Structure formats: structure tokens, C-alpha cells
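In UniProt numbering, the protein residues as written are 1 to 500.
All C-beta atoms, glycine included, are put in the ideal place defined by N, C-alpha and C.
Since we're looking at a predicted model, the values are computed, not measured.
See below for the structure under consideration.
This is how it looks when you write it as C-alpha cells:
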């Protein structure tokens, strides 16, 4: 077989896989089963006198779950075998597991490819490794994610996707370093000794020797398709997840836009800034697209103005409506929809200047009516409910203006549908019991069957819980203003602000 024919065959298979991924949601559920369901299907098919069809390309998705494709080995340029499994990984939606093996030179390679869409925002996970069992946490690392171990000063760059553990990431890195040590010793013995000492240091952390823990592990993925295993009910400082808006360079990195498109966006932004400098009076006039464009109409209508999509860089519409919350302040509700790439964003922004202090609000919910209180949670706000074992970190869920019941219901549905339902087959009995206990407790809180305390902490004092006794004080609510720490000011960018 000619090499060009191999490449054409591989391209044809990729086209079939891409076509399959565009099918309806029902078909996707059939294709992307959990690992347990795929294994059960294989067991049912592996019966005596039954020939299971393989090596027929993507059409086998309707039969045998594992596909075998003859493909080119990039090591010896012979013909090897690539095996594909379309599956649903717990906590990680849908992926394609790929394994290649060449019978001629023995070359092997395993990786994962995400089959789900790129998320609206990037995600960053942080795990505090405090005991040996934390090294066994499952890690989903996509091809766009970077890993960092802060105390070891190690950063694993973005490369092939992996389904592994924290220990697996470190062990693989040690194997790569160790394999090159003999050649490195012959070339530069001092470098060999330095790397040997570094390998010993990493092994001491893996063995949890005294003085090594805790170790901070950070997983940063601009595409939002990576994950670190979470155990319900654990301490809030051990595991955290935040979301962020991607920069232009990160959009180029994950392939949403090209480098040329990024440069074009920057040139357009520079041109707009130059126009504003030449015509400062024109820059102050809002260009609303509503029927009435008088500035007096600003507070009474939903205003629409043109903006640039943060994903594809094309023009799109942003809708904005100021809302005055009684006894609090004015907030701005914003919604952006891009008709070109389908990007959607909903945000709630607080108006006014940055306050001198942060604010901590504590509410005792002892009646079912407390669930109907209005609540504003900004992006910088964290919320804890100890009785429900609930801890929402900064950046999680974004800015929300809803009721307390609506916020808790959203948390319940997100965890129930995206976490528990997709992982029930692979959970051990202890983990399943903990999740079921957590959901039962959260449901009791939603039903008003138990008392609980809500604590919202916002360093920008931009969050709010409705005071049903206003303008009088609420006996069940305490509001405390506190001084921000230098670290919080640095994270919020306040230290770099120039107001002169």
C-alpha cells in the first residue's frame, strides 16, 4: 500500500468521525457511552461462534464500540493499528480514546481527544495535596492544558491529552527525565547531577516524606475541557475551580481564531483609540440601536450596542439594562449573543466606584420564606453554607441575580446532571453514599426542612441579599465590612490602578 493511500484513508476516517460528532443529541448518547457501558457491550458481543466486525472504520460505531483503523506509523513509516473508543468520561463529558501500536518497530502511543465543544470560558483548578491519597485523584488534562506544581517549581506544558492521576503526571515526567540521564551524563555531568538531585526531590514528595507536604497542584485550561477529581464534603481549601475570559493569545492557542485575525483585531482597536483621541466628544456619545436614542431613555429600556465577540472576533450585539436594587445600588445586566459562532454570555455588573472595604453578609435561613429572597452574587463573591456542605468559590457560576432558591437549585442541577449522573457507574460504594447524602441534604434545604446559614464574602462589596425588613435592620442578617488583604488587592488589580 502506498503511503499516500494511507494518508487518504486516515483523512477519510477523520471525516467520518467528524460527521458522527455532528449528529443529534440522541445519536451522541448512543455513540459516547460510559466506559462501563462499553465494557458491558463488549462482553455481550464476545460470545462463542460470534464474529465481531472490526477494522471497518467509523461505521463500527453502530456495532463494536472499539474501532480499529490501519494507519501510518510516524516512527518507521510502516503500517500500524489505531484503536478508537468513543466514550463519556465522568466529570468530563465526551472524549475519544486513541491508542496506536506498530508491529514493526514496537512504537506505541495513547492519548485522548475532546469530542465536546470548547467552553465559553477557560477554567483553572487548584488542588492542595496533603496526604498520600490525594496523589490518586483522577485528572483529565486536555491537549491545551498546562499543569504546575508550585512548591516543586514544575510546569508541564500543553501537549497530548491524558486521562491519568496526579501521581501519573509526576511519574511520567520522572520517566522522561530518567531515560535521558545516561546520554546526559556523557555530555554534561554537572547537569546530570542537578537533574538527579531534582528527581530525588520529586520522589520524596511522591513518598510523602516529612516536610514535603502540602503540595499545590494547578491545572489551567483555556478551552475549559480539563478537570481534577472533587470529593464532596472535603475542606474548602483543598479543591477550587475558577473560570476566566480568555485572552486573544489563548484564543489563538486553542484554535478559535488565527494569528492574522488577532493582529487584525488589535489594529482595529488601535484605530478606534486613535479616532477617540481625535474626536473626544464623539467618543462619549453612546451608539444605541434602540428606537429611542435619547440618554434620558437609558434607564427605562433595554439598550443594544455593537461589540466584538471575545471568541471569534466578529461584530455582535450586546444587550444592557440598568436595574436599581432598593437599599443597595444600581447594577447592570448584560447579555451577549454572537450569531456567527454561537457564543453566549450573561453577566451582572455592579455600578459605582470600587469601595474601600470588602463585605461579608451572613443570613440565617430558619423559614422556608427565606428561600424567596433576592440575591445578587457577583463574579468576585464566594458563598459557603456549612450545614449543606456547600462551598462556591469566586468565579464559579459567574455573576447571578436571582433568588436564594434559584441559586441553590442551579447548583443542585449542575452537580446532579454533570457530575453524579455521569459517574454513578464508576463510583465506589463509599463515594456514591457521600454524594447521595449531599444531594439529600441539599434537597432538604431547598424544601425548607432544615435551618442553614448562608455566608457571602465579596472583596468588592458588590453582592447583596434582600432585607425583607428594610429600611429596618434584619434580625437574621449581619453585614460586616472588612479590610482587603494585599493579596486580594493584587488579584483584583487594584494595586496597579492609576486614578490621578
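Self-check item: Endpoints, beta strand (DSSP E) assigned at residue 400
Solution: 400-403
Self-check item: Assigned exposure category for residue 490 - 16 Cβ within 10 Å defines buried
Solution: exposed
Practice problem: Could you check what DSSP says for residue 160 in three-state terms: helix, strand or coil? | Solution: coil
Quiz prompt | Inter-residue spacing [alpha-carbon to alpha-carbon] between residue 162 and residue 391 | solution = 28 angstroms
Practice problem: Could you tell me whether the segment 408-418 touches the segment 462-481, where touching means 3 or more Cβ pairs closer than 8 angstroms? | Solution: No, they do not touch.
Quiz item: Where does residue 295 land, buried or exposed, given buried means 16+ other C-beta within 10 angstroms?
Solution: Note on residue 295: pLDDT 37, under 50, position unreliable in the model; the coordinate value appears next. Result: exposed.
Quiz item: Taking the beta strand (DSSP E) that residue 79 falls in, what are its first and last residues?
Solution: 79-88
Quiz item: For residue 200, which of helix, strand or coil comes out of DSSP?
Solution: helix
Quiz item: Any idea if residue 457 is buried or exposed, counting beta-carbon neighbours within 10 angstroms, 16 or more meaning buried?
Solution: buried
Quiz item: Between which two residues does the alpha helix (DSSP H) harbouring residue 439 extend?
Solution: 429-446
Quiz item: Which first and last residues belong to the beta strand (DSSP E) in which residue 456 is found?
Solution: 452-458
Self-check item: Inter-residue CB distance, residue 248 and residue 350 (contact presumed, cutoff 8 angstroms)
Solution: Not quite, the Cβ-Cβ distance comes to about 26 angstroms (not below 8 angstroms), so this is no contact.
Self-check item: Residues bridged to residue 359 (per DSSP)
Solution: 458 and 481.
Exercise. Enumerate, from N- to C-terminal direction, the unbroken beta strand (DSSP E) stretches of 3 or more residues contained entirely within the segment 363-407.
Key: 374-377, 382-385, 390-392 and 400-403
Quiz item: How should residue 286 be labelled, buried or exposed, when 16 other C-beta atoms within 10 angstroms of its C-beta is the threshold for buried?
Solution: Residue placement at residue 286 cannot be trusted, given a pLDDT of 47 that sits under 50; the coordinates are not used to answer.
Practice problem: Pull up the distance between the alpha-carbon of residue 399 and that of residue 379, whole angstroms please. | Solution: 5 angstroms
Quiz item: In three-state terms, what does DSSP make of residue 247?
Solution: coil
Quiz item: When DSSP labels each residue in this structure, what does residue 488 get in the three-state scheme?
Solution: helix
Quiz item: Closest by CA to residue 322, which one among 134, 401 and 149?
Solution: Ranking 134, 401 and 149 by CA distance to the CA of residue 322 puts 401 first.
Self-check item: Rounded straight-line distance, which links the Cα of residue 492 to that of residue 354
Solution: Taking the straight line joining both Cα atoms gives about 11 angstroms.
Practice problem: Tell me whether the beta-carbon of residue 311 lies closer than 8 angstroms to the beta-carbon of residue 251. | Solution: yes
Practice problem: Can you tell me which of 347, 314, 352 and 330 puts its alpha carbon nearest to the alpha carbon of residue 339? | Solution: 314
Quiz prompt | Cut-off 8 angstroms between Cβ atoms - residues of its own chain near residue 403, not counting five sequence neighbours on either side | solution = The residues are 371, 372, 373, 374 and 375.
Exercise. Tell me whether residue 459 is buried or exposed, calling it buried when 16 or more other Cβ atoms sit within 10 Å of its Cβ.
Key: buried
Self-check item: Distance between beta carbons of residue 352 and residue 329, contact taken as under 8 angstroms
Solution: 6 angstroms
Practice problem: For residue 88, count neighbouring C-beta atoms within 10 Å of its own C-beta (all shown protein chains included) and say buried if the count is 16 or more, exposed if not. | Solution: Here residue 88 is buried: its Cβ has 16 or more other Cβ atoms, across all protein chains shown, within 10 Å.
Practice problem: Might you give, ordered along the chain, the residues of its own chain that have their beta carbon closer than 8 angstroms to the beta carbon of residue 253, omitting 5 neighbours on each side? | Solution: Only 144, 158 and 222 meet the Cβ criterion.
Exercise. Would you mind working out which of 105, 188, 219 and 189 sits nearest residue 127, comparing C-alpha positions?
Key: 219
Quiz prompt | residue 323, DSSP secondary structure in three states | solution = strand
Exercise. Would you identify the three-state DSSP class for residue 333, choosing helix, strand or coil?
Key: strand
Quiz item: Leaving out five residues before and five after residue 478 in sequence, what residues of the same chain have Cβ atoms less than 6 angstroms from its Cβ?
Solution: 362
Quiz item: Secondary structure at residue 463, three-state DSSP: helix, strand or coil?
Solution: coil
Self-check item: Among 245, 149, 160 and 125, the one whose alpha carbon lies nearest that of residue 239
Solution: 125
Quiz prompt | Presumed contact (8 angstroms Cβ cut-off) between residue 230 and residue 395, rounded CB distance | solution = Residue 230 to residue 395, Cβ: 15 angstroms. No contact.
Quiz item: Within the chosen definition, does the segment 425-436 reach the segment 263-272 through at least 3 CB pairs nearer than 8 angstroms?
Solution: Because the criterion of three Cβ pairs below 8 angstroms is not met, the segment 425-436 and the segment 263-272 do not touch.
Self-check item: Best match in 142, 135, 214 and 365 for proximity to residue 95 [C-alpha to C-alpha]
Solution: 142
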